[in-house]
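The opening residue of the sequence shown carries number 0 in numbering that gives the first Met the number 0; numbering runs sequentially from there. For glycine and all other residues, C-beta sits at the position ideal for the given N, C-alpha and C. Note sheet for the following structure.
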Amino acid sequence: MNILLWHVHGSWTTAFVHGRHRYLVPATPDRGPYGLGRARTYPWPETAVEVGPEELPGADVDVVIVQRPEELDLAEEWLGRRPGRDVPAVYVEHNTPKDGDVPHSRHPMADRDDLLIAHVTAFNELFWDTGGTRTTVIDHGIVPPTVEYTGELDRLAVVINEPVRRWRVTGTDLLPRFAEIAPLDVYGMKVAGLAERLGLPPERVTSHDDVPQARMHEELARRRAYLHLCRWTSLGLSLVEAMSIGMPVVALATTEAVMAVPPGAGALDTRVDTLLETTRRFMAEPALARRAGSVARAAARDRYGLDRFLADWDRLLEEEVCASR
Numbered sequence: 000m001n002i003l004l005w006h007v008h009g010s011w012t013t014a015f016v017h018g019r020h021r022y023l024v025p026a027t028p029d030r031g032p033y034g035l036g037r038a039r040t041y042p043w044p045e046t047a048v049e050v051g052p053e054e055l056p057g058a059d060v061d062v063v064i065v066q067r068p069e070e071l072d073l074a075e076e077w078l079g080r081r082p083g084r085d086v087p088a089v090y091v092e093h094n095t096p097k098d099g100d101v102p103h104s105r106h107p108m109a110d111r112d113d114l115l116i117a118h119v120t121a122f123n124e125l126f127w128d129t130g131g132t133r134t135t136v137i138d139h140g141i142v143p144p145t146v147e148y149t150g151e152l153d154r155l156a157v158v159i160n161e162p163v164r165r166w167r168v169t170g171t172d173l174l175p176r177f178a179e180i181a182p183l184d185v186y187g188m189k190v191a192g193l194a195e196r197l198g199l200p201p202e203r204v205t206s207h208d209d210v211p212q213a214r215m216h217e218e219l220a221r222r223r224a225y226l227h228l229c230r231w232t233s234l235g236l237s238l239v240e241a242m243s244i245g246m247p248v249v250a251l252a253t254t255e256a257v258m259a260v261p262p263g264a265g266a267l268d269t270r271v272d273t274l275l276e277t278t279r280r281f282m283a284e285p286a287l288a289r290r291a292g293s294v295a296r297a298a299a300r301d302r303y304g305l306d307r308f309l310a311d312w313d314r315l316l317e318e319e320v321c322a323s324r
């Protein structure tokens, strides 16, 4: 198939474009949010092709993958066809509701008969009110990291995008309590200056801004444990990637993390004191951390394997495209 989709979420899109189709990724001269084009810090296959808006009218497109409400209008403008009417459309919902009305949050695509909403977690499907719109869940999948856990450094790894702006959402306010136990290495976008914002010396919190994925995985694997303190986000793929590397996990028991982190893979709790105690044990007992990481690795590779993810998407896309013919 020829699939039109925007580059929005790097890790998810990286897995998605590893399928057997041709992926048309809009690219604009300014490389803005609606024209990022191919990823620069993730490895994408050649079947992910950049297209300019001027190339899309009349282009052979079998299905449109929409990830933001405004993309429906943009797709109609650029294609000259209405997504969901003239060409099949699937809306991928990556996020938990953030409208302040949980659990009554109304999805922007609610009560539509022209598209399907594919949630990336069952938690998201549960908490969004989509009315009469058809929904399904396709769990995340990841391209398996090529590195293996060593845990040689008595440090904690954290991956957060925009930790200052998102603050309590991503649990940024909790980081100082863990920095008392071990130095933190924080990876992600817009993480520069985090130590100063937290009021901590740079030797306790080191920021690594927008590191290429493969190099980030190499660095994560050397840290003793992975810290996941998100209060209210969809399942971060960095958590799954860390588990797949073989890292033990210290995580808040919130949203889909409850389903992703199995018993024995580390600590999963809403009590921060419990997470702090497990962190201390991992720092003092590397063998314990390694055993927990082995459990995490097996669980991540079983549930979030790339082959299962792509097969689920193939099945869904074939059903949607065939139903429109």
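Is the Cβ-Cβ distance between residue i and residue j less than 9 Å?
i, j, result
"LEU155", "ARG214", "no"
"GLU147", "ALA241", "no"
"GLU161", "ASN123", "no"
"VAL89", "ALA117", "yes"
"VAL142", "HIS227", "no"
"ALA299", "VAL239", "yes"
"GLY140", "ASP306", "yes"
"SER233", "THR120", "yes"
"VAL332", "LEU23", "Past the edges of the chain, shown from 0 to 324, lies residue 332, and the structure says nothing about it."
"VAL63", "ARG176", "no"
"GLY99", "GLY79", "no"
"LEU115", "GLU319", "yes"
"THR46", "ARG21", "yes"
"THR40", "VAL210", "yes"
"PRO25", "PRO52", "yes"
Between which two residues does the alpha helix (DSSP H) harbouring residue i extend?
i, result
"GLY9", "9-15"
"PRO175", "174-178"
"ASN123", "121-126"
"GLU217", "212-221"
"VAL50", "Looking at the DSSP string, VAL50 is not in any alpha helix (DSSP H); the run it does join, the beta strand (DSSP E), is 47-50."
"PRO285", "285-302"
"VAL320", "305-322"
In terms of alpha-carbon separation, which member of the options lies closest to residue i?
i, options, result
"ALA310", "GLN66, VAL86 and ALA14", "ALA14"
"ASP112", "PRO82, GLY140, ILE137 and ASP100", "PRO82"
"LEU236", "THR12, ARG84 and HIS6", "THR12"
"VAL86", "PRO96, ALA74 and LEU152", "ALA74"
"ILE159", "THR254, VAL50, THR169 and GLN66", "THR169"
"ALA297", "ILE137, THR46 and ALA259", "ALA259"
"TYR225", "ARG196, THR278 and ARG80", "THR278"
"LEU193", "VAL101, TYR41 and ASP172", "ASP172"
"LEU44", "ALA178, ARG19 and ASP100", "Reading off the sequence, residue 44 comes out as Pro, not Leu. Considering only alpha carbons, the answer is ARG19."
"ALA283", "ALA181, HIS216 and THR145", "ALA181"
"GLU217", "TRP231, GLY198, GLY245 and ALA26", "GLY245"
"THR149", "SER10, LEU183 and LEU287", "LEU287"
"VAL101", "LEU199, TRP231 and PRO32", "TRP231"
"LEU275", "GLU179, CYS321, GLY304 and GLU69", "GLU179"
"TYR153", "PRO285, ARG167 and SER243", "Here the sequence assigns Asp to residue 153, which means Tyr is not the residue at that position. That would be PRO285, whose Cα lies nearest to the Cα of ASP153."
"ASN94", "THR273, CYS229, ASN1 and ILE2", "CYS229"
Does residue i come out as helix, strand or coil in the three-state DSSP assignment?
i, result
"LEU55", "coil"
"VAL249", "strand"
"HIS104", "Here residue 104 turns out to be Ser, not His, going by the sequence shown. Coil."
"HIS139", "coil"
"GLY34", "coil"
"THR145", "coil"
"GLY187", "strand"
"PRO200", "coil"
"THR171", "helix"
"VAL239", "helix"
"ASP268", "strand"
"LEU4", "strand"
"VAL65", "strand"
"LEU226", "strand"
"THR277", "helix"
"ALA256", "helix"
"PRO162", "helix"
"ALA117", "strand"
Tell me the residue span of the beta strand (DSSP E) that contains residue i.
i, result
"GLY263", "Where GLY263 is concerned, there is no enclosing beta strand (DSSP E), given that its DSSP letter is neither H nor E."
"VAL204", "204-208"
"ARG154", "152-158"
"VAL331", "It is not possible to answer for residue 331, since the shown part of the chain is limited to 0 through 324."
"PRO25", "21-25"
Are three or more beta carbon pairs between the segment 186-206 and the segment 122-141 nearer than 8 Å? Touching, no.
Would you call the segment 100-111 and the segment 249-265 in contact, with 3 or more CB pairs under 8 Å? With the cut-off at 8 Å, the segment 100-111 and the segment 249-265 do not touch.
Touch test, the segment 256-270 against the segment 286-299, Cβ-Cβ under 8 Å, three pairs minimum: Taking 8 Å as the limit for Cβ pairs, the verdict is that the segment 286-299 does touch the segment 256-270.
Count the CB pairs spanning the segment 3-10 and the segment 31-46 that are closer than 8 Å, and state whether there are at least three. Three or more pairs of CB atoms, one per stretch, sit closer than 8 Å, so the segment 3-10 contacts the segment 31-46.
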